[in-house]
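With my numbering applied, the sequence shown corresponds to residues 84 to 621, in that order.
Positions of the beta carbon are idealized from the N, C-alpha and C atoms, including for glycine.
Encoded as structure tokens, the structure appears first; notes follow it.
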Amino acid sequence: MFYNLNCCILYKGHKMKIVIDDNQTQPEDSGLLKSLMEQTQPHAAGGFLEKIKLYLSKQALPSPTDRKKFDHDFAISTSFHGVHNIVRNQSRWRQAMWAAVVLGSVSLTVWQIYGRLFNYFRWPTTTSVEVQYVEKMEFPAVTFCNLNRFQSDAVAKFGMVILLWDIVSKVIHLQDIGANSTASKEAMDFVTSHQNFSITEFVRNNGFYLNNNTLLECQFFGKPCGPKDFAHVFTEYGNCFTFNHGENKQAKEKVSVSGRGLNLVFDVNQEAFTDNPAVGFADAGIIFVIHSPRKVPQFDGLGLSSPVGMHARATIRQVKTVHQEYPWGECNPNMKLKNFSSYSTSGCLKECKAQYIKKQCGCLPFLLPGNGVECDLQKYYNCVSPLLDHIEFKELCTVGTHNSSCPVSCEETEYPATISYTTFPSQKALKYLSKKLNHSQEYIRENFVHIEINYSDLNYKITQQQKAVSVPELLADIGGQLGLFCGASMITIIEIIEYIFTNFYWICIFFLLKIPKMTEWIPPHQNNLGTKNRIEEC
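Given below as structure tokens:
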């Protein structure tokens with residue numbers, strides 16, 4: 084019997100073509116060919132799939148009668164309702180009727196389950212509002228700033244300090260600085276001639292200050308307090324002071340009386356402090372913001388103002404909001420901040436801006452968190468301010484959605500306030516204070532501000548976003564549809580899976596046993612051309 088083999092193999096990195104002729108195989112060629120064939124044998128012969136194939140090839144293929152009996156036994160014994168009625172009935176029209184009933188029930192079940200799955204993967208949510216009454220509540224932090232940000236004497240010496248501060252504070256409060264080209268040129272000249280000028284120290288030493296002359300009265304639930312209970316913080320309003328900040332002892336205390344709280348009297352001293360009305364600071368009084376002790380103050384759009392000669396009463400409530408994580412909501416529970424103990428969108432925005440500025444300008448503004456070399460005025464004017472415009476225009480630091488730079492907080496606490504005003508002081512109190520403090524009545528009217536902050540009631544409201552459909556509810560709904568239309572349960576599903584697996588098992592045996600036997604009759608190709616054995620490069 085003559086044979087001819089022609090194949091390509093990969094040997095030591097080269098494709099080789101082997102041509103074997105049984106008539107002309109030489110001993111030395113046979114040794115080489117044997118070596119090549121041994122090296123090209125698959126190494127996965129003892130693998131898991133080969134073991135399964137070997138096991139199945141040894142199994143006997145059931146006869147058509149056995150397979151038909153298996154199908155019949157499944158139909159009459161399955162817990163899937165209606166199938167056994169198709170098999171047992173002898174009447175054709177009854178079989179057709181039950182087949183139509185079963186197919187209709189299955190169709191309705193598929194339709195209902197599709198609707199449930201479609202609704203679930205829309206990630207619907209519901210919002211619940213609950214009011215909790217408690218005996219004690221945490222008092223918020225309150226940050227106060229003077230609307231006249233700088234001391235008059237300092238501004239008289241350095242008239243550009245207001246514009247420079249607006250440039251510096253742009254990192255936390257975006258505004259158009261370059262509208263006045265003349266002022267911008269003057270600012271640039273000042274920066275060039277005062278390279279060692281520190282705007283940070285200047286504002287700290289020449290901005291609004293808090294002492295016994297500017298804070299005339301301070302009471303917290305009837306107990307005296309003073310400037311030492313306030314922490315200094317920089318904002319777009321310059322020097323500001325926070326009461327009940329995170330490190331303050333009052334932050335750890337909880338109040339147990341509603342209708343009382345923080346009572347303060349400020350002297351804004353308009354003669355000693357001034358500002359530039361051209362950039363929007365034309366009011367006189369105190370601006371304050373109420374926030375969580377664990378968050379930094381944010382004035383943009385949230386500040387409450389109290390003008391001079393007024394008594395402002397702010398009645399607050401505590402509102403907690405819980406957002407769901409994506410895809411039900413927009414929060415990201417894995418978001419952590421490097422420089423803040425708790426996550427907030429305002430803190431995240433500051434860190435985002437700080438990252439871009441530090442990377443592009445090689446320094447870090449003192450109003451932003453992080454460690455790095457503080458930016459000087461030259462860097463502020465030439466690099467930081469244009470980069471902030473670029474960040475805003477390109478939307479590099481965004482807020483809101485789950486895939487934005489700063490998604491919403493998963494849990495946040497707010498203090499909405501209802502504020503009312505009365506004239507302060509009254510005519511009789513005006514005479515009393517004028518005599519007590521040795522100030523004229525006109526001075527008291529033009530400089531004194533009375534602020535009172537208290538809880539309206541000892542309760543807080545929780546607004547919680549919840550999943551409209553949970554996984555257990557989805558499974559229960561699908562199980563109800565299966566039971567209603569098909570009488571099926573989890574046991575039924577297991578029966579169907581077992582039936583399908585058994586048929587798949589038999590199909591595998593069929594292909595392993597029958598297909599090879601069907602191909603055995605094909606005669607091998609005989610090559611009578613007498614070509615010689617050779618190994619060539621493919």
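Following the DSSP letters along the chain, one finds PRO390 inside the beta strand (DSSP E) bounded by residues 387-390. Taking C-alpha positions only, PHE303 is separated from TYR203 by approximately 51 Å. About 25 Å separates the CB atoms of CYS228 and PHE273; that is not less than 8 Å, and the two are not in contact. Spanning the alpha carbons of ASP236 and THR297 requires a straight line of approximately 17 Å. Under the 10 Å beta carbon count, LEU385 is surrounded by fewer than 16 other beta carbons and is classified as exposed. With a minimum length of 3 residues, the unbroken runs of beta strand (DSSP E) contained wholly in the region 269-318 fall at 298-303 and 313-318. The beta carbon of LEU451 sits closer than 8 Å to those of VAL254, ILE255, LYS433, GLU434, LYS436, ALA437 and ILE440, all from its chain and outside the five residues before and after it, given in chain order. Under the 8 Å Cβ criterion, the region 376-384 does not count as touching the region 237-254, having fewer than three qualifying pairs. Note: ARG396 is bridge-paired with SER503 and GLU535 in the DSSP secondary-structure output. Secondary structure at VAL217: coil, using DSSP grouped into helix, strand and coil. Per the coordinates, the alpha-carbon of GLU457 lies some 5 Å from the alpha-carbon of LEU447.
By the C-beta density criterion, THR148 is exposed, having fewer than 16 other C-beta atoms within 10 angstroms.
Take PRO499, set aside five residues on each side of it, and the residues of its chain with a beta-carbon closer than 8 Å to its own are ILE399, ARG400 and VAL402, in chain order. When DSSP states are grouped into helix, strand and coil, GLU457 belongs to the strand group. Bridge partners of VAL405 according to DSSP: GLU494 and GLN547. Within 10 angstroms of the beta-carbon of TRP176 lie fewer than 16 other beta-carbons, which makes it exposed. For PHE356, the closest C-alpha among the options GLY368, ASN346 and LEU347 is that of GLY368. ASN346: member of the beta strand (DSSP E) spanning 344-350, first to last residue. Under DSSP, THR357 takes part in a beta bridge, and its partners are PHE233.
Look at PHE449 here: in three-state DSSP terms it is coil, with no helix or strand label.
Between the region 134-147 and the region 530-546 there are fewer than three inter-stretch CB-CB distances shorter than 8 Å, so the stretches are not counted as touching. The three-state secondary structure of HIS155, taken from DSSP, is helix. Boundaries of the beta strand (DSSP E) harbouring HIS374: 368-374, taken from the DSSP string.
For the pair HIS315 and LEU200, the Cα-to-Cα distance works out to about 55 Å. Residue ILE196 holds the alpha-carbon nearest to the alpha-carbon of PHE568 among ILE196, ARG171, GLU319 and ALA143. Within 10 angstroms of the beta-carbon of HIS533 lie 16 or more other beta-carbons, which makes it buried. DSSP, read as helix, strand or coil, puts VAL225 in strand. DSSP lists VAL482 as the beta-bridge partner residues of CYS489. A distance below 7 Å separates the beta carbons of CYS444 and VAL467.
Rounded to the nearest angstrom, the gap between the Cα atoms of SER553 and VAL212 is 19 Å. Distance from the CA atom of SER276 to the CA atom of ASP459, rounded to whole angstroms, is 13 Å. Under the three-state reduction of DSSP output, LEU558 falls in the helix class. TYR320 is not a Cβ neighbour of ARG377, given a cutoff of 7 Å.
At the C-beta level, VAL225 and PHE371 come within 7 Å of one another. When the five nearest sequence neighbours on each side are left out, the beta carbons in the same chain lying within less than 6 Å of the beta carbon of LEU595 are those of LEU139 and SER140, in order along the chain.
Under the three-state reduction of DSSP output, PHE364 falls in the coil class, being neither helix nor strand.
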